[in-house]
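Have a look at the structure below before the remarks.
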Amino acid sequence: MRSCLRQYESDWCGQLRDNGSFCGPLGITPQQCISITDFFKWNPRVNTACTNLQLGAYACTGVIGGGSSSPSPVTTPTPTQAGMVQGCTAFATVRPTTTCQGILDWNKITLANFVKWNPAVRSDCSNLWSGTWACIAGP
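Count the sequence shown with this note's numbering and you get residues 5 to 143, in order.
And the structure:
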């Protein structure tokens, strides 16, 4: 990664295809998201299923003199819980084992913001529905 400007020690690659760009999974803020196209261009040894990006390995998240291609506009995945904020820029899949605290910790967001973006989950997170998508980066 000679020309790599930013690197991130990988620990999870699962949200790669969730919304067309990398943000939280690689510790990148929504303002620094990179497109899937750029990620694979800058990390050619990573397969498209992302199964060979090993825990503790480094992934390139920016290159010197190579601006990111513009990611596609963010499309809200479905289904979501009612009332989710419009203009969300990143999403997380809610699985049967997903907890609010896990979402907060993983994405480094506050409960107040998570509830503001996903009001149906309730202020105590007692109504988080498995099988839906939750906003993890609001407008």
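Where a beta carbon is used, it is the ideal one built from N, C-alpha and C, also for glycine.
Just so we're clear, the structure is a prediction, and the values are computed from it rather than from any experiment.
- Look at T84 here: in three-state DSSP terms it is strand.
- Separation of G142 and T80 (C-alpha to C-alpha, rounded to the nearest whole angstrom) is 12 Å.
- Looking at the DSSP output, T97 bridges to W137.
- Rounded to whole angstroms, the gap between the alpha carbons of N111 and M88 is 17 Å.
- Across the structure, L115 and N131 are spaced so that their CA atoms are roughly 13 Å apart.
- In the DSSP assignment, C92 forms no beta bridge with any residue.
- Contact check for T136 against T93 fails: the beta carbons are separated by 8 Å or more.
- The beta carbon of S127 sits closer than 7 Å to those of V119, all from its chain and outside the five residues before and after it, given in chain order.
- Listed in chain order, the non-local C-beta contacts of P100 below 6 Å within the same chain comprise S134, local neighbours out to five positions each way being set aside.
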